[in-house]
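Novice:
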Amino acid sequence: MIDSARPKSDIPPAGQRSLDVVGVIDQRDGGFPAVSTHYLNGQFVEGIVTKMRGRFVSRWGHILARRALASRLATPVGMNGADWAAMRAQLLLRMGEADAARAMVQSVDSGNFTRSLEDAAMASFVASADPVGLCPITALTAAGRAGWDWDLARAICSSFSDEGSTSMAQLDKALRRGNGAKIDILLAQKFAGAATNARRAVKIEWEDVDALTPWSIGMSFATGLEPPENLRGKAGASYALLAARAPMLPLASRAASADVAGARGVLSSMAMIDLYSQLYTQRDGDGGDNAADEWTRRAETLRSAYVAAAEDDRLEAIRALWGEGSDPDKAYAGLVLTSHAAARILPSEALSDSAAPLISSMLTAGLDRNALKWAPFCPVGSEAWGLMVLANPGRATRVGSEGLNAFADNDDSDESIRSRFLLAGMMGLERVDPAAGRDFAGKLDVDFNRQTRWTRAIDSAAASHNQGLVALLAAFGMQGDRWDRMTPLHLYHIVSALHRVGLDAEARMIAAEAVARV
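Mapping to our numbering: the sequence shown position 288 is 288, numbers consecutive.
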């Protein structure tokens, strides 16, 4: 008897992908060298990746981690290639990178999935609102997997393979037996019903739902629904990071989530600008009916920041988008949003007081050469001067005691953390006189010679010029919710290691971000 669940075709041997090298971004396309992990011990790499929570203090650190995790990398020694993909996909999900996680899962042929990759696939396809993507897996390696989520996935897949009546019967049975949360089953019914002729209306009721789960978030997106505001608020960043990239949601809803995604690095500056451009276009298409809407007004302000005739008006609009700073994510997202507008402001002595935030804004998008135009208007010892020293891609002159002391005199941060980060960045980039750096470190009571297991590991990776491993260890050292959780010692070793292996741009941006955000 032929099993109708099995696929009717298979990948020919010549088209099957090897598990020796797994990932999405090839080195030719900007990924890290595949050999970076070729000789590494699997248990060592697993310890790095699985112990990362996915929250980094640095936006540029998040971007670096995403690039490293998505690269086509050799499978470490003693590890299965499918498991290597699975642990990276799970970390990408913890970072809020649902699309990258799904791409990682899809880099392995369905017939080679392990249990851990099946779990990563379930989470990735649901997070990206694409449960149908699970169908090849449910027909192959996961055909016998137990669990309410796999039962619901198989029922959904049945509805999309001309077995609609069977599918709805399975979901009705799950609802009667309580195999899973009621809201999860109802969402599955609503999605599966779109592929059948059952003409059944499924009413989604949120009143009894206490909290959103990954399944309820992903399936609500897949059915074109938006959960109630109180549930979205309780879910916090876990909801916002998925909603910001969900094309089926209203633009205003995506904009409301974009601040979190932009501040963390999930959305680029151009992605945020494109989102607000669509909001502005929608306003025109609606004949101005949404003029009072908060996000439409914000889109209008962004347009003024770019194209207002008077420079004073552009600068005023930029400052309005920065906000008052009470919400750290929103404040930093404002810098990301205005990065290219800030680059259009003509540097002048009259605007020197605004130089530091304008430079910080430009650096969120990596516009270091635009930022350098402000160098003549940045007095030695000012915050803007410190950012210039760190961000300059071609600086050869080393800073001495005079500049360091002047910066410390102007530093009003708690426990002089900004001065400590400045010194750590300069030392990592080799942009400070060694004697002056040692004296300044003693003045600030910072010991850069202290060694830990992590510092020895990242220094060893840098000594062997292993870019991929340095990037992973740098991400490991940047875990945390706020920059005040970062130590100058960690920042020094991160910047130094990145600089030594040729990742100078990333080293400069992380060092400058540290000074700008404390």
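The C-beta atom is built at its ideal place from N, Cα and C for all residues, glycine as well.
Computed from a prediction, not measured in an experiment: that's the story for all the values here.
Taking Cβ to Cβ, would you say Gly325 is nearer than 7 Å to Ala331?
Specialist: In the sequence shown, counting from the first residue as 1, residue 325 sits at position 325. In the sequence shown, counting from the first residue as 1, residue 331 sits at position 331. Yes. Within cutoff.
Novice: Taking only the alpha-carbon atoms, compute the straight-line gap between Gly485 and Asn80 and give it to the nearest angstrom.
Specialist: As a first step, residue 485 is located in the sequence shown; it is residue number 485 there, counting from the start. As a first step, residue 80 is located in the sequence shown; it is residue number 80 there, counting from the start. Checking the sequence shown, residue 485 turns out to be Arg, not Gly. Approximately 35 Å between the Cα atoms of the pair.
Novice: What residues match up with Gly464 in a beta bridge as DSSP calls it?
Specialist: Mapped onto the sequence shown, residue 464 falls at position 464. The residue asked about is misnamed: residue 464 is Ser in this sequence, not Gly. The beta-bridge partner set that DSSP reports for Ser464 is empty.
Novice: Determine the burial state of Asp83: buried for a count of at least 16 other Cβ atoms within 10 Å of its Cβ, exposed for fewer.
Specialist: For the purposes of this step, residue 83 is identified with residue 83 of the sequence shown, where counting begins at 1. It is buried - the Cβ of Asp83 has at least 16 other Cβ atoms within 10 Å.
Novice: By how many angstroms is the C-alpha of Thr50 removed from the C-alpha of Ala120?
Specialist: Numbered from 1 along the sequence shown, position 120 holds the residue referred to as residue 120. Numbered from 1 along the sequence shown, position 50 holds the residue referred to as residue 50. Between Ala120 and Thr50, the C-alpha separation is close to 13 Å.
Novice: Helix, strand or coil for Gln479 per DSSP?
Specialist: If you number the sequence shown from 1, residue 479 lands on position 479. Of the three classes helix, strand and coil, the one that applies to Gln479 here is strand, per DSSP.
Novice: Measuring CA to CA, which of Ala471, Pro214, Met248 is closest to Arg232?
Specialist: Taking the sequence shown and counting its residues from 1, the one referred to as residue 232 is at position 232. The option with the nearest alpha carbon to Arg232 is Pro214.
Novice: Can you give me the Cβ contacts of Gly287 inside the same chain, cut-off strictly under 7 Å, excluding the 5 residues immediately before and after it?
Specialist: Reading the sequence shown from its first residue, position 287 is the one you call residue 287. Note that Gly287 scores a pLDDT of 48, beneath 50, so its modelled location is shaky; the value from the coordinates is reported in the next line. So no residue of the chain qualifies.
Novice: Measure how close the beta-carbons of Leu335 and Ser361 come, nearest whole angstrom, since I'm counting them as under 8 Å.
Specialist: Your numbering for residue 335 matches position 335 in the sequence shown. Your numbering for residue 361 matches position 361 in the sequence shown. Going by Cβ atoms, the distance from Leu335 to Ser361 rounds to 4 Å, so yes, they are a contact pair.
Novice: Assign Pro227 to buried or exposed, taking buried as 16 or more other Cβ atoms, counted over all protein chains shown, within 10 Å of its Cβ.
Specialist: Taking the first residue of the sequence shown as 1, we reach residue 227 at position 227. The residue in question, Pro227, is buried, as its Cβ has 16 or more Cβ neighbours within 10 Å.
Novice: Is the beta carbon of Ala514 closer than 7 Å to that of Phe421?
Specialist: Residue numbering aside, residue 421 sits at position 421 when the sequence shown is read from its first letter. Residue numbering aside, residue 514 sits at position 514 when the sequence shown is read from its first letter. A contact, by the Cβ cut-off of 7 Å.
Novice: Could you name the residues of the same chain whose beta carbon sits closer than 7 Å to that of Pro33, not counting the 5 residues immediately before and after it, in chain order?
Specialist: Locating residue 33 in the sequence shown gives position 33, counting from the first residue. Contacts found: Gln27, Gln467, Gly468.
Novice: Return the CA-CA distance between Ala261 and Ala244, expressed in angstroms with no decimal places.
Specialist: Taking the first residue of the sequence shown as position 1, residue 261 is located at position 261. Taking the first residue of the sequence shown as position 1, residue 244 is located at position 244. For Ala261 and Ala244, the distance between alpha carbons rounds to 7 Å.
Novice: Given Arg59, which residues of its chain have a CB within under 8 Å of its CB, disregarding the five upstream and five downstream residues?
Specialist: Locating residue 59 in the sequence shown gives position 59, counting from the first residue. Only Ala263, Arg264, Gly265, Tyr332, Val336, Thr364, Glu513 meet the Cβ criterion.
Novice: Give me the Cβ distance between Ala384 and Tyr492, rounded to the nearest whole Å; I'm assuming they're in contact under 8 Å.
Specialist: Position 384 of the sequence shown, counted from the start, is the residue given in the question as residue 384. Position 492 of the sequence shown, counted from the start, is the residue given in the question as residue 492. Not confirmed; about 22 Å, so no contact.
Novice: Alpha carbon to alpha carbon, how far is Gly31 from Asp259?
Specialist: Position 31 of the sequence shown, counted from the start, is the residue given in the question as residue 31. Position 259 of the sequence shown, counted from the start, is the residue given in the question as residue 259. Between the alpha carbons of Gly31 and Asp259 lies a gap of roughly 27 Å.
Novice: Is the beta carbon of Ser128 less than 7 Å from the beta carbon of Ala98?
Specialist: As a first step, residue 128 is located in the sequence shown; it is residue number 128 there, counting from the start. As a first step, residue 98 is located in the sequence shown; it is residue number 98 there, counting from the start. Taking 7 Å as the Cβ cut-off, Ser128 and Ala98 qualify as a contacting pair.
Novice: In the DSSP output, which residue or residues are listed as bridge partners for Phe533?
Specialist: Residue 533 is absent from the model: the chain starts at 1 and stops at 518.
Novice: Of the choices Ile137, Thr281, Arg508, whose alpha-carbon is the least far from that of Gly394?
Specialist: Position 394 of the sequence shown, counted from the first residue, corresponds to residue 394. Nearest C-alpha to Gly394: Arg508.
Novice: Do Tyr239 and Ile217 come within 7 Å of each other at the CB atom, strictly closer than that value?
Specialist: Locating residue 217 in the sequence shown gives position 217, counting from the first residue. Locating residue 239 in the sequence shown gives position 239, counting from the first residue. Against a cut-off of 7 Å, the Cβ pair of Tyr239 and Ile217 comes out as a contact.
Novice: Considering just the uninterrupted stretch of the alpha helix (DSSP H) at Glu513, what are its terminal residues?
Specialist: The residue labelled residue 513 in the question sits at position 513 within the sequence shown. Note, Glu513: alpha helix (DSSP H), 504-517.
Novice: Count the CB pairs spanning the segment 443-454 and the segment 9-20 that are closer than 8 Å, and state whether there are at least three.
Specialist: no
Novice: Using DSSP's beta-bridge definition, name the partner residues of Val399.
Specialist: Here residue 399 refers to the residue found at position 399 of the sequence shown. Answer is Val432.
Novice: Less than 7 Å between the C-beta atoms of Thr301 and Leu321, yes or no?
Specialist: Here residue 301 corresponds to residue number 301 of the sequence shown, with the count starting at 1. Here residue 321 corresponds to residue number 321 of the sequence shown, with the count starting at 1. In contact: Thr301 and Leu321 (Cβ atoms closer than 7 Å).
Novice: Rounded to whole angstroms, what's the CA-CA distance from Met427 to Val446? Just pull it up for me.
Specialist: Mapped onto the sequence shown, residue 427 falls at position 427. Mapped onto the sequence shown, residue 446 falls at position 446. Answer to the nearest angstrom: the Cα atoms are 12 Å apart.
Novice: Shortest alpha-carbon distance to Leu249 belongs to which of Thr223, Asp274, Ser268, Ile273?
Specialist: For the purposes of this step, residue 249 is taken as residue 249 along the sequence shown, with counting starting at 1. If we check each option's Cα against that of Leu249, Thr223 comes out closest.
Novice: Out of Leu372, Trp483, Leu473, which has the shortest C-alpha to C-alpha gap to Ser36?
Specialist: To locate residue 36, count along the sequence shown from 1; it is residue 36. Nearest C-alpha to Ser36: Leu473.
Novice: Tell me the rounded alpha-carbon separation between Ala408 and Trp374.
Specialist: By 1-based counting over the sequence shown, the position of residue 408 is 408. By 1-based counting over the sequence shown, the position of residue 374 is 374. Roughly 21 Å between the two C-alpha positions.
Novice: For Ala201, which three-state DSSP category applies?
Specialist: Counting from one through the sequence shown, the residue named residue 201 turns up at place 201. The answer is coil: DSSP assigns Ala201 none of H, G, I, E or B.
Novice: According to the Cβ coordinates, are Val432 and Val380 closer than 7 Å?
Specialist: Against the sequence shown, residue 432 aligns to sequence position 432. Against the sequence shown, residue 380 aligns to sequence position 380. No, the Cβ-Cβ distance between Val432 and Val380 is not below 7 Å.
Novice: Is the beta carbon of Ser107 closer than 7 Å to that of Gly54?
Specialist: Residue 54 sits at position 54 when you count from the first residue of the sequence shown. Residue 107 sits at position 107 when you count from the first residue of the sequence shown. Going by C-beta atoms, Gly54 is not nearer than 7 Å to Ser107.
Novice: Please go through the same chain and pick out, in chain order, the residues whose beta-carbon is closer than 8 Å to the beta-carbon of Pro347, but skip the five residues on each side of it.
Specialist: Along the sequence shown, one-based indexing puts residue 347 at 347. Excluding sequence neighbours, Pro347 sits near Ala355, Lys373, Trp374, Pro376, Phe377.
Novice: With a cut-off of 8 Å on the beta carbons, I'd call Met52 and Phe476 a contact; round off their distance for me.
Specialist: By one-based count along the sequence shown, residue 52 stands at place 52. By one-based count along the sequence shown, residue 476 stands at place 476. Indeed, because the Cβ distance is near 6 Å, the residues count as touching under 8 Å.
Novice: Looking only at DSSP bridge pairs, what is Ile25 linked to?
Specialist: Numbered from its first residue, the sequence shown carries residue 25 at position 25. In DSSP, Ile25 forms a bridge with Ser71.
Novice: Return the CA-CA distance between Ile519 and Arg298, expressed in angstroms with no decimal places.
Specialist: Because residue 519 is not part of the residues shown, which for the chain are 1 to 518, the question remains open.
Novice: Going by CA-CA distance only, name the one from Ala65, Ile48, Gly42 that's closest to Ile25.
Specialist: Reading the sequence shown from its first residue, position 25 is the one you call residue 25. When the alpha-carbon of Ile25 is set against those of Ala65, Ile48, Gly42, the nearest one is in Ala65.
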